[in-house]
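Take a look at the structure below.
There are 2 protein chains.
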Amino acid sequence: MHPRGSQLLPWRTLLCTPVFLDESEAILINQPGMQTDPLPSWNEGPSKESILRFIEVVTTEGGAEFVPPLDRIAVFDNDGTLWSEKPFYFQLIFALDRVKTLAAQHPEWRDQQPFKAVLEDDLAAFLAGGTKAILDVLIATHGGNTTDEFEQIVLDWIASARHPRTGRLYTEMVFQPMLELLETLRANGFRTYIVSGGGIEFMRAWVEDVYGIPPEQVIGSSIETGFEMRDGSPVLVRIPKVDFVDDNEGKPVGIHRFIGRRPILAFGNSDGDHQMLQWTAAGGGARFMGLVHHTDAEREWAYDRESLVGRLDKALTEARERGWTVVDMVRDWRVVYPWEAV
Amino acid sequence: MHPRGSQLLPWRTLLCTPVFLDESEAILINQPGMQTDPLPSWNEGPSKESILRFIEVVTTEGGAEFVPPLDRIAVFDNDGTLWSEKPFYFQLIFALDRVKTLAAQHPEWRDQQPFKAVLEDDLAAFLAGGTKAILDVLIATHGGNTTDEFEQIVLDWIASARHPRTGRLYTEMVFQPMLELLETLRANGFRTYIVSGGGIEFMRAWVEDVYGIPPEQVIGSSIETGFEMRDGSPVLVRIPKVDFVDDNEGKPVGIHRFIGRRPILAFGNSDGDHQMLQWTAAGGGARFMGLVHHTDAEREWAYDRESLVGRLDKALTEARERGWTVVDMVRDWRVVYPWEAV
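Okay, structure coming up:
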């Protein structure tokens, strides 16, 4: 599915590496004269330095800020942090595509907003409906199936749908520097989690192949799920009703619910990640708080305080006040997408 | 805290063993002439045989029913499966103790049921209030604190409270055969999860030390949690409102939500585990479904179809029809509690 899929799949076998790294492997970061750059797509500079310094101090046995492997929890937002999110969240594009697929079963949608606008490709009219329109579309397109059916629908879409600007598969629009960071963290005993406002089941269908993050390390928003017996066999049915919104205050709540430990590293890109960063920062010992700042209109997109999608305002202010790492895409990333890395 | 604590703590370091077992370790079960009995507290017989046979077939590389380590998910109920649950759920005893502690701050409880009954040690009057009385007490005693405060309250209680019949710490009233089973599964590449109707935060405070199960592998019932800034620092506050009931249909729902993979082994002891067993059984390939049948009035308790706490009726019928493993405590367990094992 993913162009680097065959390269990424071995990560499955690395998932539990942390605890069993022997000295020779753990020195990836700790070795002063290391041969290989673990983050080749990052330019030298303060962001790369702050990441490598953090990994070094928490993995240095006997050091004042050493953190045992089981507590090396790293959480990452997804939209805008691990992959792009413009012109708007890719999951919403999935939902709009899905409205068109389902339209034949819903003749009433032809005259009913926000579906009418979607079917007529009238994006302005759709967006005029605001949050309610988005929620209506998400609910109508994400419920009603069994969990197995929904997974297959997502897999089919993600294997074929193309981004309107790049023409690439959405799974190609992941950030090469962040893939390297995820891998470097895992090689240094971290467990990497996704903590996203996106749908938990939408992500779980593909993130293991693409990011090397297994389903049990994916936290996201969810609708309700019900258990039913159908023809004597149990199924889980997706009920079109919001259960949990894993955004803003929901992120530390979701982290606590799913992991039960406070992360020592958190990476986001928007105000939706602000509380997750605050929660991470408030723990004792060494901490790393990072933001991806979308400054690159040429290779990706440039937006921050005024953007509707991925607004970065309050968190950016606090990051600068408190010295969190703000990644400047133009300055810090030699490469943005994997296809540029060859 | 736990008498076997120092013995159990090394399990922390074993949590991720599965993936990295080399051939020489993985043969714990697979070796025909194995030197050490991995389940010394289990009597020879059909239950022990069925467990060992299952582990053997799913760990035999090249075998028809081999399961890769990442899919070796084992789920265990807690109350009545990993520790005792009589005279009633230990968490409810915690809640009743907590009513007495909090009574000074709630003078109104002296005249208000179900609190009045609890304060007067009138168990009959309390139980006459049924599920509502229990829920009222749980809500009144489990909310209002920060998550950190609640953890400390549980830790203090579990380190000191004593069971009314045995006089033992509650963490001593865990089942030695099940501790051995958890350890054997982990040594054979399984990840062991708790899936309990009990409170997720009540359990997470102590199960890592006692069972070797880390917080992120504990699934349970929960109340709501809110994020707040207090004096500039973020806290998570426990809101006295039920969020999720991880029992009956809730168990497969919780498994799907937290793990996102279907287990290949499930162990319970009551009808509250029925749907979890059905969900596990409905997957493809080798499966193990087990029930602890409390048949031992002498060493533990004897109860099943008529019991209010831990009723085992429909699940027992289905287990017998479908050939699931029903552990007969009298017949199958040489030892029940760790203190008998010496």
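Going line by line, the protein sequences match chains A and B. Per my numbering, the first sequence runs over residues 1136 to 1477. Per my numbering, the second sequence runs over residues 1136 to 1477. Heads up, the beta-carbon is just placed ideally off N, CA and C, and yes, glycines get one too. Computed from a prediction, not measured in an experiment: that's the story for all the values here.
Item                                                                                                                                                                              : Value
Please name the residue, chosen from B:H1429, B:R1446, B:H1391, B:A1476, that lies closest to E1286 (chain A) on a Cα-to-Cα basis.                                                : B:H1391
With distances taken Cα to Cα, identify the nearest neighbour of P1249 (chain B) among B:K1235, B:L1258, B:A1268, B:A1238.                                                        : B:A1268
In angstroms, rounded to a whole number, what distance separates the CA positions of D1256 (chain B) and I1274 (chain A)?                                                         : 49 Å
Nearest to P1375 (chain A) by CA position, among A:S1356, A:G1385, A:E1384, is which residue?                                                                                     : A:S1356
Reducing DSSP to helix, strand and coil, say where S1295 (chain B) ends up.                                                                                                       : coil
In the DSSP assignment, what residue or residues form a beta bridge with T1327 (chain A)?                                                                                         : A:A1209
Along the beta strand (DSSP E) that carries I1399 (chain A), what are the first and last residues, could you check?                                                               : Here I1399 (chain A) belongs to no beta strand (DSSP E), and DSSP marks it neither H nor E.
According to DSSP, simplified to helix, strand and coil, what is G1395 (chain A)?                                                                                                 : coil
Mind the definition here: the region 1198 to 1210 of chain A touches the region 1395 to 1412 of chain A only if three or more C-beta pairs lie below 8 Å; say whether that holds. : yes
Cβ of G1395 (chain A) within 8 Å of Cβ of R1373 (chain B)?                                                                                                                        : no
Going by C-alpha distance, which of A:H1298, A:I1228, A:R1326, A:V1470 is nearest G1347 (chain A)?                                                                                : A:R1326
Rounding to the nearest angstrom, what Cα-Cα distance links G1140 (chain A) and E1307 (chain A) in this structure?                                                                : Unreliable placement is indicated for G1140 (chain A), whose pLDDT of 32 sits below 50; the coordinate value is still reported in the next sentence. G1140 (chain A) and E1307 (chain A): Cα-Cα distance of roughly 10 Å.
Do V1330 (chain B) and D1212 (chain B) count as a contact pair if the criterion is CB distance below 8 Å?                                                                         : yes
For R1466 (chain A), count the other beta carbons within 10 Å of its own beta carbon; 16 or more makes it buried, fewer makes it exposed. Which is it?                            : exposed
Between T1460 (chain B) and S1185 (chain B), is the Cβ-Cβ spacing less than 8 Å?                                                                                                  : yes
Going by DSSP, what residue range makes up the beta strand (DSSP E) through L1426 (chain A)?                                                                                      : 1423 to 1428
Who are the near neighbours of F1337 (chain A) in its chain, counting only those whose CB is closer than 6 Å to its CB and skipping five residues on each side?                   : Q1226, V1289
Contact criterion: CB-CB distance below 8 Å. Does L1316 (chain B) meet it with respect to chain A?                                                                                : no
Within 10 Å of its beta-carbon, does P1473 (chain B) have 16 or more other beta-carbons around it, so buried, or fewer, so exposed?                                               : buried
What are the residues that DSSP puts in a beta bridge with T1460 (chain A)?                                                                                                       : A:G1425
How is E1307 (chain B) classed by DSSP in three states: helix, strand or coil?                                                                                                    : helix
Applying the 10 Å Cβ sphere with the 16-neighbour rule, what's the burial state of S1219 (chain A)?                                                                               : buried
What residues in its chain sit with their C-beta under 6 Å from that of F1423 (chain A), if we drop five residues either side in the sequence?                                    : F1189, L1400
Beta carbon of N1383 (chain A), beta carbon of G1215 (chain A): below 8 Å?                                                                                                        : no
CB-CB under 6 Å to V1543 (chain A), same chain, minus the five flanking residues each way: which ones, in chain order?                                                            : Outside the shown range of chain A, which is 1136 to 1477, sits residue 1543 (chain A), and nothing can be said about it.
If G1324 (chain A) and T1194 (chain A) are in contact, beta carbons under 8 Å, what's the gap, nearest whole angstrom?                                                            : 6 Å
By the DSSP assignment, the alpha helix (DSSP H) with V1192 (chain A) in it spans what residues?                                                                                  : 1181 to 1194
Taking the C-alpha atoms as reference points, what is the distance between A1260 (chain A) and T1266 (chain A)?                                                                   : 13 Å
Does DSSP classify T1452 (chain B) as helix, strand or coil?                                                                                                                      : helix
Would you call the CB atoms of P1369 (chain B) and Q1410 (chain A) closer than 8 Å?                                                                                               : yes
Nearest to G1389 (chain A) by alpha carbon, out of B:A1239, B:V1309, B:E1435, B:G1361?                                                                                            : B:G1361
Using a Cβ-Cβ distance under 8 Å, would E1456 (chain B) count as near chain A?                                                                                                    : no
In three-state DSSP terms, what is L1447 (chain B)?                                                                                                                               : coil
Roughly how many whole angstroms lie between the Cα atoms of A1252 (chain B) and T1282 (chain B)?                                                                                 : 28 Å
Could you check whether the Cβ of T1360 (chain A) sits closer than 8 Å to any Cβ belonging to chain B?                                                                            : yes
Between F1211 (chain B) and chain A, is any beta-carbon pair separated by less than 8 Å?                                                                                          : no
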